[in-house]
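In our numbering, the protein residues as written are -3 to 339.
If you want it as structure tokens, here you go:
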């Protein structure tokens, strides 16, 4: 009888963790949030339940996000969060899983080691790393094995990765700490400046997802939101228009477009020619804000599309790369040009 093991692909995102189980697909999608009792160190809630506590906890309880800008900022909380997620994903497995984890293309060796160690401590038998843009390209069903250039822009919660993919590898890449969280922060600053009202990140994200845009909508739409009046200190309801969010998000979008131009400038003329023919593909939850593809297409004069199920592309790509593990050997590996870790 073959012992049941369940290899896992993990999209370790700043905002959300997605886990892909071999043979099952995506089995877990949870916010990267941990609620912990500061006095005892006990974890109270993880994931969606912990996210609902953000900004609403008593003094002895804090809801934290242990990942910042795509890398680990709180090692212990990340390890404990992953351990719980792994147990949820593989309830009936007898063997520890082999795990492929996505990481930003700009990750340092120290940050790599932190991800690997956290996954090992959480219960992985062996850990592999794959760069997020490569995983996103695989998840978007691009043919990346041929000598043909594809430009991927993966807009996550903490980072935006821009990369040229060819022959199953990243040719040129950059990673910037400008993504979904930066959009939320920009909306918070705008509302404070223009309406003299303070809103929290949960409200800012709701505004972003409901009416947010970076390109003019056919019709300006608005929504009611609530915050704290900075003059009176009392709760106040206000209306914000989609055109206002476009103004608020102008600066972070300029930074993302600058990163795209930077990558194109470093790319060989042959690959740039391929990209102009194949177009730009947007992935990640942040890419789903209205008009991002239209704005990038207008500025770069290269066709641009948002991938299907954009926020799951990295997880699906990690899942597809699970089949590569059986062909790997100890030492250096081709998977995202990263090192294979020992048992």
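By construction, the Cβ of each residue, glycine as well, lies at the ideal position given by its N, Cα and C atoms.
- Under DSSP, no beta-bridge partner is assigned to residue 314.
- Fully contained in the segment 42 to 111 are the following alpha helix (DSSP H) runs of length 4 or more, in chain order: 44 to 47 and 71 to 85.
- The closest CA to that of residue 25, considering only 40, 19, 38 and 6, is found on 6.
- Three or more Cβ pairs closer than 8 Å define a contact, and the segment 197 to 215 meets that threshold against the segment 278 to 297.
- Per DSSP, residue 207 has no beta-bridge partner at all.
- Contact annotation: residue 129 and residue 102 have beta-carbon atoms that are not nearer than 7 Å.
- In the displayed model, residue 247 falls within a helix according to three-state DSSP.
- Inter-residue distance for residue 35 and residue 112 is about 29 Å (C-alpha atoms, whole angstroms).
- Excluding the 5 residues flanking it on each side, residue 201 has same chain C-beta neighbours closer than 6 Å at 180, in chain order.
- Taking all protein chains shown into account, residue 122 has 16 or more neighbouring C-beta atoms within 10 Å of its C-beta and is therefore buried.
- Each residue's CA atom was taken as its position, placing residue 90 and residue 2 some 9 Å apart.
- Taking each of 28, 221 and 298 in turn and checking the Cα distance to residue 233, the smallest one comes out for 221.
- Taking C-alpha positions only, residue 64 is separated from residue 172 by approximately 12 Å.
- Counting only the Cα atoms, residue 9 lies some 16 Å from residue 305.
- Two segments are said to touch when three or more pairs of C-beta atoms, one from each, lie closer than 8 Å; by this definition the segment 131 to 141 touches the segment 307 to 321.
- For residue 274, the enclosing alpha helix (DSSP H) has its first and last residue at 265 to 274.
- A Cβ-Cβ distance of about 26 Å is found for the pair residue 194 and residue 152, leaving them out of contact under the 8 Å criterion.
- Distances from the CA of residue 154 to each of 310, 282 and 292 were compared; the closest alpha carbon is that of 282.
- Here residue 217 is exposed: its Cβ has fewer than 16 other Cβ atoms, across all protein chains shown, within 10 Å.
- For residue 219, the enclosing beta strand (DSSP E) covers residues 218 to 225.
- Membership of residue 27 in the beta strand (DSSP E) is indicated by the continuous run 21 to 27.
- Taking all protein chains shown into account, residue 226 has fewer than 16 neighbouring C-beta atoms within 10 Å of its C-beta and is therefore exposed.
- Residue 74 is positioned such that its CB atom lies no closer than 7 Å to that of residue 31.
- 7 Å or more divides the Cβ of residue 71 from the Cβ of residue 45.
- With fewer than 16 other Cβ atoms inside 10 Å of its own Cβ, residue 163 counts as exposed.
- Taking 7 Å as the cut-off, the beta carbon of residue 248 is found no closer than this to the beta carbon of residue 159.
- Your pair residue 150 and residue 235 does not check out as a contact, with CB atoms roughly 33 Å apart and the cut at 8 Å.
- In the structure shown, the three-state DSSP call for residue 196 is coil.
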